[in-house]
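Visitor: Chains A and B supply the protein sequences, listed in that same order.
If you read the first sequence in the working numbering, its first letter stands for residue 1, the second for the next number, and so on.
If you read the second sequence in the working numbering, its first letter stands for residue 366, the second for the next number, and so on.
There are 2 protein chains.
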Amino acid sequence: MTEESKFIEQDLQSIILQALSKVQHPEVKEQNIVGLGMVPDVRVEDQLVTITLAFPFQEVPATAELPQKVIRVAKEVCSDEQVRVDIRKMTPEERADFATRAQGREPESSSSRSVRQVIAVMSGKGGVGKSSVATLMACALRRRGYKVGILDADITGPSIPRLLGTHGSLVGGAAGIQPAETKTGIKLISINLLLPDENQPVVWRGPLIGRAIQQFWNDIAWGDLDFLIVDLPPGTSDAALTVMQSLPVHGVLLVTSPQDLAGMVVRKAAKMVQQLGVRLLGLIENMSFVLCPDCGNRIEIFGPSRAQETSLQSNVPMLGNLPLDPELAVMCDQGRAEDYLNENFDQIADKVLELVRSSMERMKP
Amino acid sequence: MTEESKFIEQDLQSIILQALSKVQHPEVKEQNIVGLGMVPDVRVEDQLVTITLAFPFQEVPATAELPQKVIRVAKEVCSDEQVRVDIRKMTPEERADFATRAQGREPESSSSRSVRQVIAVMSGKGGVGKSSVATLMACALRRRGYKVGILDADITGPSIPRLLGTHGSLVGGAAGIQPAETKTGIKLISINLLLPDENQPVVWRGPLIGRAIQQFWNDIAWGDLDFLIVDLPPGTSDAALTVMQSLPVHGVLLVTSPQDLAGMVVRKAAKMVQQLGVRLLGLIENMSFVLCPDCGNRIEIFGPSRAQETSLQSNVPMLGNLPLDPELAVMCDQGRAEDYLNENFDQIADKVLELVRSSMERMKP
Chain A
1 MTEESKFIEQ
11 DLQSIILQAL
21 SKVQHPEVKE
31 QNIVGLGMVP
41 DVRVEDQLVT
51 ITLAFPFQEV
61 PATAELPQKV
71 IRVAKEVCSD
81 EQVRVDIRKM
91 TPEERADFAT
101 RAQGREPESS
111 SSRSVRQVIA
121 VMSGKGGVGK
131 SSVATLMACA
141 LRRRGYKVGI
151 LDADITGPSI
161 PRLLGTHGSL
171 VGGAAGIQPA
181 ETKTGIKLIS
191 INLLLPDENQ
201 PVVWRGPLIG
211 RAIQQFWNDI
221 AWGDLDFLIV
231 DLPPGTSDAA
241 LTVMQSLPVH
251 GVLLVTSPQD
261 LAGMVVRKAA
271 KMVQQLGVRL
281 LGLIENMSFV
291 LCPDCGNRIE
301 IFGPSRAQET
311 SLQSNVPMLG
321 NLPLDPELAV
331 MCDQGRAEDY
341 LNENFDQIAD
351 KVLELVRSSM
361 ERMKP
Chain B
366 MTEESKFIEQ
376 DLQSIILQAL
386 SKVQHPEVKE
396 QNIVGLGMVP
406 DVRVEDQLVT
416 ITLAFPFQEV
426 PATAELPQKV
436 IRVAKEVCSD
446 EQVRVDIRKM
456 TPEERADFAT
466 RAQGREPESS
476 SSRSVRQVIA
486 VMSGKGGVGK
496 SSVATLMACA
506 LRRRGYKVGI
516 LDADITGPSI
526 PRLLGTHGSL
536 VGGAAGIQPA
546 ETKTGIKLIS
556 INLLLPDENQ
566 PVVWRGPLIG
576 RAIQQFWNDI
586 AWGDLDFLIV
596 DLPPGTSDAA
606 LTVMQSLPVH
616 GVLLVTSPQD
626 LAGMVVRKAA
636 KMVQQLGVRL
646 LGLIENMSFV
656 LCPDCGNRIE
666 IFGPSRAQET
676 SLQSNVPMLG
686 NLPLDPELAV
696 MCDQGRAEDY
706 LNENFDQIAD
716 KVLELVRSSM
726 ERMKP
């Protein structure tokens with residue numbers, strides 16, 4: 001084995017999971033063992049693949065053949081590696097998930113509330129204005145009369161409460177924690193609303209990040225919403241994975257900047273979304289230019305636009321370009337994003353509404 | 366238990382680990398069980414704390430009392446929770462780590478090479494120009510005659526190879542994988558140099574991100590370097606934690622933008638660095654203004670600077686301000702960052718050299 005193949009080990013893990021997702025559960029109709037949460041861990045170390053199989057109940061005869069089957073399927077996609085299966089009982093939490101999944105429902109989540117459209121705002125790249133776009137989108141939809149919430153999934157760099165001037169602590173109720181509410185009635189949850197001091201860092205590894213996001217979805221009393229906008233952090237790691245795997249995301253808005261460098265990272269994000277089978281609604285180019293307040297000159301601060309290229313390469317429709325507006329930066333720092341009006345953005349919001357209209361027929365704005 | 370205390374569970378994990386780090390190993394002098402890698406997992410679920418204890422060898426009499434001691438110490442910091450200890454044997458990999466740690470050495474890493482100063486470039490916030498600053502810093506040091514490497518720790522949004530125009534695959538050797546080399550001789554590793562297509566996403570959860578970064582440090586034949594610049598992704602999660610816990614980081618350069626919103630996230634990053642006991646070298650404000658190419662007007666695109674405030678609040682010296690230069694954006698997209706010269710930046714580089722000079726006496730530029 002060469003040094004480089006260490007990196008390949010990590011791909012092997014995905015390949016094995018994919019292969020195992022074709023193994024049907026012998027008793028649960030049309031459900032595979034990965035989807036049912038029965039394969040909590042696949043570990044590749046040197047030449048040894050260790051697959052953890054978790055069973056909801058011990059010793060059910062129908063599943064007695066599963067470990068052998070798993071080894072057989074995994075061996076088909078491995079070349080030299082030895083394959084081992086470790087068996088354990090599910091935790092009570094895993095068993096509850098298994099039960100709801102086995103009934104063809106999503107675990108817990110979608111009950112006791114009505115959130116019609118979940119739209120994630122993503123980029124892959126940092127600092128291209130995801131949070132501004134997410135906030136302006138929420139404001140534009142709210143101005144059109146919809147019930148709107150924002151879930152700030154950026155746990156280590158949360159900015160939405162700042163943009164909307166929302167502070168204060170949250171209150172628990174019978175239905176769960178009540179989200180904060182902005183002056184125009186946008187509901188909001190963010191880790192910064194739970195910290196005693198907004199400058200306090202949240203130094204958590206990925207699993208905690210994922211769990212916090214799941215709690216934001218499951219434990220917050222969102223009530224009745226037409227739209228929940230999810231603001232994702234940069235990257236294609238835990239936060240993005242958790243949101244797309246655990247929340248019923250209807251579509252993703254991609255945000256990019258003119259730099260081809262940003263485009264490259266955004267194309268990675270687009271591929272991730274497509275691989276996970278989530279719908280890409282469209283691409284928004286932010287920070288396209290600055291208008292000189294003195295001479296009116298249009299300055300392409302990040303060079304000429306490459307968004308069209310990204311749109312074509314990633315097969316995602318272009319929804320529009322936004323300038324970098326110093327006024328917006330100042331209003332965001334003042335927590336007054338709701339007061340900001342921009343014609344370009346309103347057109348983008350209308351396009352997004354158009355795109356999701358089909359599944360929105362029953363919404364009354 | 367209230368709803369909000371679910372979030373507290375995640376803190377409990379850290380508190381328990383901290384308490385356990387005071388439990389000495391009965392046979393290994395001046396070493397605690399956490400530092401020796403014997404506590405690979407602490408899980409808090411509902412009212413149950415499960416601590417995994419890993420032993421290098423089964424049934425060593427001296428350590429027979431450890432599980433009870435661990436339960437006792439953990440119970441002291443828990444209030445209502447039950448505490449359980451799961452015991453397992455270490456994997457061969459963990460055992461090797463344990464052995465080197467027990468001898469008071471860092472596992473593998475720092476041997477067989479000479480990297481004098483590791484400087485991490487961090488922000489917490491995305492898109493403020495961490496990668497540009499990391500690259501320009503490497504170039505400035507290289508121009509001054511130092512031997513320089515860049516470790517691109519942004520696994521899901523790697524941009525350094527683009528900025529430096531570096532492509533091609535890596536070659537393995539006896540000492541490990543050879544890093545790529547730029548035209549001026551800067552050594553470079555990035556996940557994008559290992560992907561068949563730079564647009565391919567790396568959809569990994571935190572543990573894999575951490576492992577990849579450790580491999581970049583351990584398995585790359587860095588050879589003899591005066592400086593290794595580490596480019597961190599946004600956030601205070603896995604990548605930043607792994608770099609600061611597993612690499613001998615001598616200092617951190619913080620990058621911010623004028624927005625107070627960015628400042629807030631950067632202050633979080635500063636606190637994380639201070640909590641981990643790593644030295645903060647200084648703060649660089651990027652994107653401070655744009656000069657209109659037509660009328661020469663200085664436009665504060667992100668509003669008036671707040672960096673001084675952040676510098677004071679976080680007690681980290683201000684190293685300088687950089688304009689947002691459209692020329693740099695274009696040159697970066699063309700992979701020609703090494704050809705970019707900027708007087709402001711050179712002054713910053715000199716200040717950084719000044720700051721690290723004391724520990725650099727033996728370096729020959």
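Quick reminder that beta carbons are idealized off the backbone N, C-alpha and C, glycines included.
This structure is a prediction, so every number in the text was calculated from the model and none was measured.
(1) From residue 716 of chain B to residue 688 of chain B, what distance separates their C-alpha atoms?
(2) Based on Cα-Cα distance, which residue from A:283, A:310, A:304 and A:42 lies nearest to residue 731 of chain B?
(3) Between residue 505 of chain B and the rest of its own chain, which residues show a CB-CB distance below 7 Å, the 5 nearest in sequence each way excluded?
(4) Which same chain residues end up closer than 7 Å to residue 674 of chain B when comparing Cβ atoms and leaving out the 5 residues on each side of it in sequence?
(5) Between which residues of its own chain and residue 95 of chain A is the CB-CB distance below 6 Å, once the five residues before and five after are set aside?
(6) What residues of chain B sit near residue 64 of chain A, judged by a beta carbon separation below 7 Å?
(7) If you run the structure through DSSP and keep just helix, strand and coil, what is residue 646 of chain B?
(8) Could you tell me which residues DSSP pairs with residue 380 of chain B in its beta bridges?
(9) Taking residue 264 of chain A as the query, report the chain B residues whose CB atoms sit under 8 Å from its CB, ordered along the chain.
(10) At the level of alpha carbons, what is the spacing between residue 691 of chain B and residue 652 of chain B?
(11) Alpha carbon to alpha carbon, what distance is there between residue 148 of chain A and residue 100 of chain A?
(12) From what residue to what residue does the beta strand (DSSP E) around residue 215 of chain A run?
(13) Hey, residue 632 of chain B and residue 602 of chain B are a contact pair by Cβ (cut 8 Å); roughly how many whole angstroms apart?
(14) What residues from the stretch 230 to 260 of chain A come within 7 Å of chain B, judged by C-beta to C-beta, listed N to C?
(15) Taking just the CA atoms, how far does residue 11 of chain A sit from residue 529 of chain B?
(16) With respect to the beta strand (DSSP E) encompassing residue 479 of chain B, which residues constitute its N-terminal and C-terminal limits?
(17) Go ahead and pull the three-state DSSP assignment for residue 718 of chain B.
(18) Could you name the residues of the stretch 661 to 675 of chain B whose beta carbon sits closer than 7 Å to any beta carbon of chain A, in the order they occur along the chain?
(19) If I'm right that residue 392 of chain B touches residue 414 of chain B with Cβ under 8 Å, what's the distance once you round it to whole angstroms?
(20) How far does the alpha helix (DSSP H) with residue 654 of chain B in it reach, from first residue to last?
(21) With 16 other CB atoms within 10 Å as the buried threshold, where does residue 306 of chain A fall?
(22) So which of A:122, A:90 and A:42 has the shortest CA-CA distance to residue 251 of chain A?
(23) Ignore the nearest five residues each way along the sequence and tell me which others in residue 185 of chain A's own chain have a CB closer than 7 Å to its CB.
(24) What are the residues of the stretch 486 to 497 of chain B that lie near chain A, defined by any Cβ-Cβ distance shorter than 7 Å?
(25) Which residue or residues does DSSP assign as beta-bridge partners of residue 55 of chain A?
(26) Taking all protein chains shown into account, decide if residue 366 of chain A is buried (16 or more other Cβ within 10 angstroms of its Cβ) or exposed.
(27) Check whether the Cβ atoms of residue 619 of chain B and residue 720 of chain B lie closer than 8 Å to each other.
(28) Please name the residue, chosen from A:225, A:78, A:52 and A:41, that lies closest to residue 118 of chain A on a Cα-to-Cα basis.
(29) Let's see if you can read the secondary structure: which residues bound the beta strand (DSSP E) around residue 630 of chain B?
(30) In the DSSP output, which residue or residues are listed as bridge partners for residue 320 of chain A?
(31) Report the three-state DSSP secondary structure of residue 490 of chain B (helix, strand or coil).
(32) Let's see if you can read the secondary structure: which residues bound the alpha helix (DSSP H) around residue 558 of chain B?
(33) With DSSP as the reference, please indicate the residues paired to residue 594 of chain B in a beta bridge.
(34) Tell me, please, whether the stretch 144 to 163 of chain A touches the stretch 188 to 198 of chain A by the rule of three or more beta-carbon pairs shorter than 8 Å.
(35) Indicate whether residue 600 of chain B and residue 233 of chain A have their beta-carbon atoms separated by less than 8 Å.
(36) Taking a cut of 8 Å between CB atoms, which residues from the stretch 680 to 701 of chain B lie near chain A?
Guide: Quick answer:
(1) 18 Å
(2) This structure cannot settle anything about residue 731 of chain B, because the visible part of chain B is limited to 366 through 730.
(3) 710, 711 and 714
(4) 628
(5) 56
(6) For residue 64 of chain A, there are no C-beta contacts with chain B under 7 Å, since the nearest C-beta of that chain is about 25 Å from it.
(7) strand
(8) DSSP, once it has assigned bridges, lists no residue as partnering residue 380 of chain B.
(9) Neighbourhood of residue 264 of chain A in chain B, by CB distance below 8 Å: 524, 527, 563 and 564, in chain order.
(10) Taking the straight line from one Cα to the other gives about 10 Å.
(11) 28 Å
(12) From DSSP, residue 215 of chain A is part of no beta strand (DSSP E) but of the alpha helix (DSSP H) over 206 to 218.
(13) No, residue 632 of chain B and residue 602 of chain B are not in contact; Cβ-Cβ is about 17 Å, not under 8 Å.
(14) 233, 234, 235, 236, 237, 238, 241, 259 and 260
(15) 27 Å
(16) 479 to 487
(17) helix
(18) 662, 664, 665, 666, 667 and 668
(19) Contact flag wrong, Cβ pair sits at about 26 Å.
(20) Segment: none, residue 654 of chain B is in no alpha helix (DSSP H) and carries neither H nor E.
(21) buried
(22) A:122
(23) 142
(24) Across the stretch 486 to 497 of chain B, CB contacts with chain A closer than 7 Å involve 489, 490, 491, 492 and 493, in sequence order along the chain.
(25) Its beta-bridge partners are A:89.
(26) Within the shown structure, residues of chain A are numbered from 1 to 365, placing residue 366 of chain A beyond reach of any answer.
(27) No; because the gap between Cβ atoms is not below 8 Å, this pair is not in contact.
(28) A:225
(29) Premise fails: residue 630 of chain B lies in the alpha helix (DSSP H), 625 to 640, not in any beta strand (DSSP E).
(30) Paired residues: A:284.
(31) coil
(32) Where residue 558 of chain B is concerned, there is no enclosing alpha helix (DSSP H), given that its DSSP letter is neither H nor E.
(33) B:484 and B:515
(34) yes
(35) Residue 600 of chain B places its beta carbon less than 8 Å from that of residue 233 of chain A.
(36) 689, 691, 694, 695, 697 and 698
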